[in-house]
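**Student:** In UniProt numbering, the protein residues as written are 1 to 339.
Positions of the beta carbon are idealized from the N, C-alpha and C atoms, including for glycine.
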């Protein structure tokens, strides 16, 4: 926030947290915040995008989101940030404060920008692949009077259209190839090449979520033998109506079979949206924050919940000294096999 001694940060001013990593043996690394500057062509004046951090690869990505028409500041949710960003930002971190490289990637025309989606990283190939799940064209939360009829129609069309549908199709988002050609199957990332996006749409089957979903959370867990990679999504709401009761269910999209399975049927009172998920142990996912419809209604069970990824049950307590290796849930093995 601006004050008498500090003005509002500019469009290229960012704050970075640097965590000391003993394995690097770089003595200049110390924990703490420092100021940094974005390069030309990238701005911090963007919101409601989907992000993922990949510490093992020293990479981070921010997919799409919304911004003001003139790319100016977004001071409030007053409808001013109603333009979709048809781009993705990528950042690669090195071994020091000055060793940060940014890239602004324009999305191919076949890939739609959106707000309030989830971006996940799948540990396959050389450096993994990214996938986008959920989101809407027009998030109702940024408009004080709600969505117009045409905006709701846009959201519905975006959700159900066969090529761009959020649930019927699964999108691999990134690839890096040595010769610039699209990969024959899973995208491959080669660190020194220019980042290129290719559309890779894959039909999904199973118990596909039928409603639009935004402001939910996600986590990825892989079978011990690498035979499957399972994307868990929890909660959220339809993104159309502020009075829509948040979801309390858990869906799992399993790769490479691309099969949706409904892992848990929740209760109306326990649902939430706007929360975050963190896989803190192989079999445990913490759910932090969120709200039930509006801020005046407290979420049932508290703002911190722990979901067991093996049993798909919410735990009544969290003990960091009590955990197990990840096992593919029975509901998945019953439908698609695996272990």
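For residue 223, which three-state DSSP category applies?
**Tutor:** Note: residue 223 maps to coil in three-state DSSP.
**Student:** Using the C-alpha atoms, what's the distance from residue 113 back to residue 10?
**Tutor:** So the two alpha carbons sit approximately 25 angstroms from each other.
**Student:** Have a look at 101, 316, 142 and 314 and flag the residue whose alpha-carbon is nearest the alpha-carbon of residue 46.
**Tutor:** The option with the nearest alpha carbon to residue 46 is 142.
**Student:** Return the chain-ordered ranges of every beta strand (DSSP E) run that is complete within the segment 56-95 and spans a minimum of 3 residues.
**Tutor:** Counting only runs of 3 or more, we get 59-63 and 87-93.
**Student:** Between which residues of its own chain and residue 152 is the CB-CB distance below 7 angstroms, once the five residues before and five after are set aside?
**Tutor:** Cβ within range, chain order: 240.
**Student:** Thinking just about the alpha-carbon of each residue, which of 273, 319 and 34 is nearest to the one in residue 284?
**Tutor:** Cα-wise, what sits closest to residue 284 is 319.
**Student:** Could you tell me the alpha carbon to alpha carbon distance between residue 40 and residue 12, rounded to whole angstroms?
**Tutor:** Distance between the alpha carbons of residue 40 and residue 12 is about 8 angstroms.
**Student:** Looking only at its own chain, which residues have a Cβ that is under 8 angstroms from the Cβ of residue 146, when we skip the five neighbours before and after it?
**Tutor:** Only 140, 241 and 242 meet the Cβ criterion.
**Student:** From what residue to what residue does the alpha helix (DSSP H) around residue 330 run?
**Tutor:** Residues 330-336.
**Student:** Should residue 269 be labelled buried (16 or more other beta-carbon atoms within 10 Å of its own) or exposed?
**Tutor:** It is exposed - the Cβ of residue 269 has fewer than 16 other Cβ atoms within 10 Å.
**Student:** Would you mind sorting residue 272 into buried or exposed? The rule is 16 or more other CB atoms within 10 Å of its CB.
**Tutor:** Buried, since its Cβ has 16 or more Cβ neighbours within 10 Å.
**Student:** Taking DSSP as the reference, what is the three-state secondary structure of residue 154?
**Tutor:** Three-state DSSP puts residue 154 in a helix.
**Student:** Are three or more beta carbon pairs between the segment 51-58 and the segment 71-78 nearer than 8 angstroms?
**Tutor:** No, they do not touch.
**Student:** What separation, rounded to the nearest whole angstrom, lies between the Cα atoms of residue 89 and residue 217?
**Tutor:** Approximately 20 angstroms between the Cα atoms of the pair.
**Student:** Residues bridged to residue 325 by DSSP?
**Tutor:** According to DSSP, residue 325 bridges with nothing at all.
**Student:** For the putative contact between residue 84 and residue 137, defined by C-beta atoms under 8 angstroms, what is the C-beta separation to the nearest angstrom?
**Tutor:** Between residue 137 and residue 84 the Cβ distance is about 7 angstroms, and since that is below 8 angstroms, they are a contact.
**Student:** With a CB to CB cut of under 8 angstroms and the five nearest residues on each side skipped, what residues in its chain are close to residue 155?
**Tutor:** Closer than 8 angstroms at Cβ, skipping near neighbours: 136, 137, 138, 147, 212, 239 and 240.
**Student:** Tell me whether residue 275 is buried or exposed, calling it buried when 16 or more other Cβ atoms sit within 10 Å of its Cβ.
**Tutor:** Residue 275 should be labelled buried.
**Student:** Check the DSSP bridge columns for residue 106 and list the partner residues they point to.
**Tutor:** Answer is 87, bridged to residue 106.
**Student:** Is residue 149 helix, strand or coil when you go by DSSP?
**Tutor:** DSSP places residue 149 in helix when its eight states are reduced to three.
**Student:** Just list the beta strand (DSSP E) runs in the segment 257-295, keeping only unbroken ones of 3 residues or longer that don't cross its boundaries, in chain order.
**Tutor:** Here the runs fully enclosed are 259-264, 273-281 and 284-291.
**Student:** Spell out the partners DSSP gives residue 251 in its beta bridges.
**Tutor:** Paired residue(s): 233 and 262.
**Student:** Determine the contact status of residue 93 and residue 100, defining contact as a CB-CB distance below 7 angstroms.
**Tutor:** In contact: residue 93 and residue 100 (Cβ atoms closer than 7 angstroms).
**Student:** Let's see if you can read the secondary structure: which residues bound the beta strand (DSSP E) around residue 204?
**Tutor:** It is not in any beta strand (DSSP E) - residue 204 carries neither H nor E in the DSSP assignment.
**Student:** I need the straight-line Cα distance from residue 183 to residue 297, nearest angstrom please.
**Tutor:** Below a pLDDT of 50, predicted positions are generally treated as unreliable, and residue 183, at 38, falls in that range; no measurement from the model is reported.
**Student:** Among all the DSSP beta bridges, which residues are the ones paired with residue 32?
**Tutor:** Its beta-bridge partners are 18.
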